[in-house]
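*Asks:* There's a structure below that I have some questions on.
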Amino acid sequence: METVVAFVEESVKQLVNEPDEVKVDTVSDRHGQIIKVTVSPNDVGRIIGKDGRVITNLRTMTNAVAAKARVKAVVKVQTED
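Numbering of the sequence shown is given in my numbering, commencing with residue 18 and proceeding in unit increments.
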């Protein structure tokens, strides 16, 4: 699972303007792991992308990495409050 979390963290840091503000936490669920990504409010749009394309692609890539590690993972984006 560490590989999946590291992949998500590095990918998100490459996309945002404030990489120091990126925080990644995991929560266990009955369906697998939920990877909660917290970014600066200024960077939420960059993570979601036009029509949700960026987050959709990030989730697809994360699912591929998770499948290779034989785990199930879901990515959720949160803003820093």
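We put the CB at the ideal spot given by N, CA and C, even for glycine.
Because the structure is a prediction, the values reported are computed rather than measured.
#1: Taking the continuous beta strand (DSSP E) assigned at Gly49, which residues delimit it?
#2: Under a three-way DSSP split, which group does Lys40 fall into?
#3: Where do the N-terminal and C-terminal ends of the beta strand (DSSP E) with Lys93 fall, by residue?
#4: Are the beta-carbon atoms of Val29 and Val41 separated by less than 9 Å?
#5: Less than 9 Å between the C-beta atoms of Ile64 and Val91, yes or no?
#6: Within the continuous alpha helix (DSSP H) that includes Ala81, where are the two ends?
*Replies:* Answer, in terms of the structure:
#1: On the sequence shown, residue 49 is found 32 positions in, with the first residue counted as 1. Residues 49-56.
#2: Position 23 of the sequence shown, counted from the start, is the residue given in the question as residue 40. Lys40: strand per DSSP, three-state reduction.
#3: Looking up residue 93 in the sequence shown gives position 76. 90-96 is the span of the beta strand (DSSP E), which, as asked, contains Lys93.
#4: Along the sequence shown, one-based indexing puts residue 29 at 12. Along the sequence shown, one-based indexing puts residue 41 at 24. Cβ atoms of Val29 and Val41: closer than 9 Å.
#5: The residue given as residue 64 occupies position 47 in the sequence shown. The residue given as residue 91 occupies position 74 in the sequence shown. No; because the gap between Cβ atoms is not below 9 Å, this pair is not in contact.
#6: Position 64 of the sequence shown, counting from 1, holds the residue named residue 81. From DSSP, the alpha helix (DSSP H) with Ala81 extends over 70-85.
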